[in-house]
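>
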Amino acid sequence: MTECAVRAEGITKVFNQGRPNEVHALSEVDLAIEPGEFVSLIGPSGCGKSTLLRVIASLTEPTEGQITVYGKPAEQARLDRDYGMAFQHSGLFDWRSVARNIELPLELMGWSRDKRQQRAREMLELVKLGQFGDHHPAELSGGMRQRVAIARALSFNPSLLLMDEPFGALDEMTREHMQTELLRIWSETGTTVVFVTHSIPESVYLSSRVVVMSPRPGRISTEIPVDLGGRDADTRESPGFFAKITEVREALRAVEGAE
Amino acid sequence: MSRLEEQLAEIAATDDPIIRDQLIVLAVKRQERRQRLRNSARRTLVFVLFVIGLGLLYMGYKAMGQSTGDRWPIVGGELPVKTNDLIMPPLGDILTSFGRPLRAGGQTLASLIWSSALFTLREAATGFVAGVVIGLAIAVLLLRSRLLERGLLPWVIASQTIPLVAIAPIVVIWANKNLGFLPWEWQKWQSVSLIATYLTFFPVAVSGLRGLKSPEPEALELMDSYASTWGQTLFRLRFPASLPYLFPALKLAATASVVGAIVGEISAGVRGGLGRLILDFAGKYTTGPERLYASVIGAAVLGLFVVGVIGQAERFVLGRRGQEAV
């Protein structure tokens, strides 16, 4: 059996435990993600999808349960720089040029200047931003910033890419374009991706598996494998795509109806 | 081809919708930059007109008082400030006094004010730099520990309620008597710098702390996800993020350091600077009131100069990021 990229067992996360404002964000979550998979977490707000992502990233400790990433405890994986992260707000540093933003993680990892610049150029090519390396983030449109954020997240070849609604703030056209870009980058790099979204078409278009979560307390209610083959512009209009959207939507409705 | 046509051709040539968006964003940004330049030219003009207006107001008030015998026209009643040449020397006298030598054949008033201003600037700048370093150190300390923030911040604030004039002599006495352990010989003007430091560190510490806390949680999580150390996060994220908060505080601190130096000279009895010069001319007011006015103008210009220097630094640092100060 191959090693799981992510294995979560019995993850429970309680915020403000024992106090009046106690919140059960996650309850007994089990999830296994194979290397090279693209998994979307979807669910109504409050279902703990972002919390689950942060637990996987070792940004917050689970109250109970075990997370291993490629067989290592999550914290060790973080210390080994196995994670690339991208958030809804690109989180680019305004004071750094685009290229220097991409170099940031490499700097922290002690790469030499030449190697950093070389890699930044490669990453700019990958996200098709070749001519924009010297610009500052304030000069970029929303779509461009997210491209830079993705380039930054992938610059050090992390084995796991964690994305928290990275396209949530983009308009629909840009969003679809970025989805196509992300799939191209995913197929070129072969990275495992965990992707939090609240858009049903987005989750279906991108993922090899959609994980539907339910709120209060957050738990996994259904997992829907998506096998649409290679995506292209026609995928969004194919019957298979719509069938999957319906399936995810019904799963979400069941989740909300159960409340 | 004009710049705009070039840009439009560039926009038309790409089929990537995101790049196309981007090229439009860039064209808009360029437009905004031109607008900003125009605005700053306008601000300079407004400032010059304001100074001229102030001069006219001075002359107008004086002319009015002299024609009415220091009474308000129509409504009557005495004017708050008398307008004779001793209380309000003619503007022309004040301006020409800069060029007149103090003693026959000696240095001009302008050159005396210039050298005094340099002396005061050295005190202020030394105190300012020390204050910024101490202020930032306090900000980092308070950031590091919630407990310290609760325990120390009230003292930092309380320190600013002690009147400057009260502590200045104490600082000078303490410094002269107790700083013998320093590797250099303590100069009296450095005691004045210490007073400037006292006024400078406070706004830097308070705004610095706010700025260091300004990064979004997502940015901090990002650094965590790279397993960044506390120091790396401080220097690569928190400190650069604090600059838009810090610059307004630095402007405030810069003027405060000049005020501190001038007041400090007066209460510490240090010769050579603008503070002492103002005190001297105030003592000799009856024989030459315009000299006091001239030295006060010198002090004001020094204040404007230091703010201008920080403002230029701000535009240079933040402008490159396409940012504005908060």
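Chains Y and G supply the protein sequences, listed in that same order. The first sequence begins at 0 in numbering that gives the first Met the number 0 and counts up one residue at a time. The second sequence begins at 0 in numbering that gives the first Met the number 0 and counts up one residue at a time. By construction, the Cβ of each residue, glycine as well, lies at the ideal position given by its N, Cα and C atoms.
Please tell me whether G/Lys-28 has its Cβ less than 7 Å away from any Cβ of chain Y.
Within the second sequence, the letter at position 29 stands for residue 28 of chain G. Cβ-Cβ to chain Y under 7 Å: yes for G/Lys-28.
> G/Ala-299: which of G/Ser-266, G/Ala-312, G/Ala-253 and G/Val-316 sits nearest, CA to CA?
Stepping through the second sequence from its first residue, residue 299 of chain G is reached at position 300. Of the candidates G/Ser-266, G/Ala-312, G/Ala-253 and G/Val-316, the one whose C-alpha sits nearest the C-alpha of G/Ala-299 is G/Ala-253.
> Could I get the ranges of all uninterrupted alpha helix (DSSP H) runs contained in the region 132-211 of chain G, with 4 residues as the minimum, in chain order?
145-158, 163-177 and 187-211
> Give the straight-line distance between the Cα atoms of G/Leu-147 and G/Trp-154, rounded to the nearest whole angstrom.
Here residue 147 of chain G corresponds to residue number 148 of the second sequence, with the count starting at 1. Here residue 154 of chain G corresponds to residue number 155 of the second sequence, with the count starting at 1. In this structure, the CA atom of G/Leu-147 is about 11 Å from the CA atom of G/Trp-154.
> Apart from the five residues just before and just after Y/Ala-24, which ones in its own chain have a Cβ nearer than 8 Å to its Cβ?
Here the question's residue 24 of chain Y lines up with position 25 in the first sequence. So the qualifying residues of the chain are Lys-12, Val-13, Phe-14, Gly-47, Thr-50, Pro-216 and Gly-217.
> Based on DSSP bridge pairs, tell me the residues matched to Y/Phe-240.
To locate residue 240 of chain Y, count along the first sequence from 1; it is residue 241. DSSP lists no partner for Y/Phe-240.
> Given a cut-off of 7 Å, decide if G/Thr-196 and G/Gly-130 are closer than it, judged by their beta-carbon atoms.
Locating residue 130 of chain G in the second sequence gives position 131, where the first residue counts as 1. Locating residue 196 of chain G in the second sequence gives position 197, where the first residue counts as 1. Cβ atoms of G/Gly-130 and G/Thr-196: closer than 7 Å.
> Counting only beta-carbon atoms, is G/Ala-324 nearer than 7 Å to chain Y?
Within the second sequence, numbered from 1, the residue matching residue 324 of chain G stands at position 325. Summary for G/Ala-324: the model assigns pLDDT 45, below 50, so the residue's position carries little reliability; its value from the coordinates is reported in the next sentence. Not closer than 7 Å to any Cβ of chain Y, the Cβ of G/Ala-324 fails to qualify, so no.
> Closer than 7 Å, Cβ to any Cβ of chain Y: which residues of the region 293-317 of chain G, in chain order?
Cβ contacts with chain Y come from no residue of the region 293-317 of chain G.
> Quick check for students: name the residue ranges of the alpha helix (DSSP H) that lie wholly in the region 201-260 of chain G, counting only runs of 4 or more.
As far as the region 201-260 of chain G is concerned, its whole alpha helix (DSSP H) runs of at least 4 residues are 216-224 and 229-232.
> Going by DSSP in three states, G/Ile-18 sits in which element: helix, strand or coil?
Here residue 18 of chain G is taken as the residue at index 19 of the second sequence, counted from 1. Residue state for G/Ile-18 is assigned as helix, using DSSP reduced to three classes.
> How do the region 66-76 of chain Y and the region 126-137 of chain Y stand: do at least 3 beta-carbon pairs fall below 8 Å, yes or no?
no
> By the DSSP assignment, the alpha helix (DSSP H) with G/Phe-315 in it spans what residues?
Residue numbering aside, residue 315 of chain G sits at position 316 when the second sequence is read from its first letter. From DSSP, the alpha helix (DSSP H) with G/Phe-315 extends over 288-319.
> Tell me whether Y/Met-162 sits in a helix, a strand or coil according to DSSP, three-state version.
Residue 162 of chain Y sits at position 163 when you count from the first residue of the first sequence. In this structure, Y/Met-162 counts as strand in the three-state DSSP scheme.
> Between the C-alpha atoms of Y/Ala-4 and Y/Arg-77, what's the straight-line distance to the nearest angstrom?
Residue mapping note: residue 4 of chain Y aligns to position 5 of the first sequence, counting from 1. Residue mapping note: residue 77 of chain Y aligns to position 78 of the first sequence, counting from 1. Spanning the two alpha carbons is a distance of roughly 13 Å.
> Helix, strand or coil for G/Arg-275, going by three-state DSSP, please let me know.
Looking up residue 275 of chain G in the second sequence gives position 276. In the structure shown, G/Arg-275 sits in a helix (DSSP, three-state: H, G or I).
> Hey, does Y/Tyr-69 have any beta-carbon neighbour from chain G nearer than 7 Å?
Stepping through the first sequence from its first residue, residue 69 of chain Y is reached at position 70. Cβ-Cβ to chain G under 7 Å: no for Y/Tyr-69.
> In terms of alpha-carbon separation, which member of G/Ser-206, G/Ala-204 and G/Thr-232 lies closest to G/Glu-217?
Counting from one through the second sequence, the residue named residue 217 of chain G turns up at place 218. Among G/Ser-206, G/Ala-204 and G/Thr-232, the Cα nearest to that of G/Glu-217 is on G/Thr-232.
> Using a Cβ cut-off of 7 Å (strictly closer), state whether G/Leu-225 contacts chain Y.
Locating residue 225 of chain G in the second sequence gives position 226, counting from the first residue. According to the sequence provided, residue 225 of chain G is Tyr. The question's Leu does not apply to it. So yes, G/Tyr-225 belongs to the interface.
> Can you check DSSP and say which residues form a bridge with Y/Tyr-82?
By one-based count along the first sequence, residue 82 of chain Y stands at place 83. Bridge partners of Y/Tyr-82: Y/Leu-159.
> Rounded to the nearest angstrom, what separates Y/Asp-170 and Y/Arg-95 at their Cα positions?
Reading the first sequence from its first residue, position 171 is the one you call residue 170 of chain Y. Reading the first sequence from its first residue, position 96 is the one you call residue 95 of chain Y. Those two C-alpha atoms are separated by around 25 Å.
> If I measure Cβ to Cβ from G/Tyr-284 and keep anything under 7 Å in the same chain, skipping five residues before and after, which residues do I get?
In the second sequence, the residue the question calls residue 284 of chain G occupies position 285. The beta carbon of G/Tyr-284 sits closer than 7 Å to the beta carbons of Leu-291 from its chain, once the five residues preceding and following it are set aside; these are given in chain order.
> Starting from Y/Ala-7, follow its DSSP beta bridges and name the residues at the other end.
Taking the first residue of the first sequence as position 1, residue 7 of chain Y is located at position 8. Y/Leu-30 and Y/Ile-66, per the DSSP bridge assignment.
> By the DSSP assignment, the alpha helix (DSSP H) with Y/Arg-99 in it spans what residues?
Sequence index remark: in the first sequence, residue 99 of chain Y carries index 100 (1-based). That run of the alpha helix (DSSP H) goes 97-107.
> Looking only at its own chain, which residues have a Cβ that is under 7 Å from the Cβ of G/Leu-108, when we skip the five neighbours before and after it?
To locate residue 108 of chain G, count along the second sequence from 1; it is residue 109. Answer for G/Leu-108: Ser-96, Phe-97, Arg-99, Leu-101, Arg-290 and Ala-293, listed in chain order.
> Count the other CB atoms, across all protein chains shown, that sit within 10 Å of the CB of Y/Gln-178; report buried if there are 16 or more and exposed otherwise.
By 1-based counting over the first sequence, the position of residue 178 of chain Y is 179. When all chains shown are included, Y/Gln-178 counts as buried.
> Tell me whether the region 208-215 of chain G and the region 182-193 of chain G touch, counting them as touching only if at least three CB pairs, one residue from each stretch, are closer than 8 Å.
no
> Around the Cβ of G/Glu-313, are there at least 16 other Cβ atoms within 10 angstroms (buried) or fewer (exposed)?
Indexing the second sequence from 1 puts residue 313 of chain G at position 314. It is buried - the Cβ of G/Glu-313 has at least 16 other Cβ atoms within 10 Å.
> What residues of chain G sit near Y/Pro-104, judged by a beta carbon separation below 7 Å?
In the first sequence, residue 104 of chain Y corresponds to position 105, counting from 1. What Y/Pro-104 touches in chain G: Tyr-225.
> Assuming Y/Ser-39 and Y/Val-209 are in contact, meaning their beta carbons sit under 8 Å apart, how far apart are those beta carbons, in whole angstroms?
Counting from one through the first sequence, the residue named residue 39 of chain Y turns up at place 40. Counting from one through the first sequence, the residue named residue 209 of chain Y turns up at place 210. With a Cβ gap of about 5 Å, Y/Ser-39 and Y/Val-209 count as contacting.
> Please classify Y/Pro-19: does DSSP put it in a helix, a strand, or coil?
Start at 1 with the first residue of the first sequence, and residue 19 of chain Y comes out as number 20. Of the three classes helix, strand and coil, the one that applies to Y/Pro-19 here is coil, per DSSP.
> What is the rounded straight-line gap between the Cα of Y/Ile-66 and the Cα of Y/Ser-154?
Taking the first residue of the first sequence as position 1, residue 66 of chain Y is located at position 67. Taking the first residue of the first sequence as position 1, residue 154 of chain Y is located at position 155. C-alpha separation (whole angstroms): 25 Å.
> For G/Gln-34, return the contacting residues in chain Y, with the cut-off set at a CB-CB distance below 7 Å.
Locating residue 34 of chain G in the second sequence gives position 35, counting from the first residue. By Cβ distance, chain Y contributes nothing, its closest Cβ being about 15 Å from G/Gln-34, past 7 Å.
> With H, G and I counted as helix, E and B as strand and the rest as coil, what does DSSP make of Y/Ala-24?
Taking the first residue of the first sequence as 1, we reach residue 24 of chain Y at position 25. Looking at Y/Ala-24 - three-state DSSP - the assignment turns out to be strand.
> Would the beta-carbon of Y/Arg-144 fall within 7 Å of that of G/Ala-226?
For the purposes of this step, residue 144 of chain Y is taken as residue 145 along the first sequence, with counting starting at 1. For the purposes of this step, residue 226 of chain G is taken as residue 227 along the second sequence, with counting starting at 1. No, they are not a contact pair.
> Helix or strand or just coil, what does DSSP make of Y/Thr-221?
Working through the first sequence from its first residue, we reach residue 221 of chain Y at position 222. Reduced to three states, the DSSP call for Y/Thr-221 is strand.
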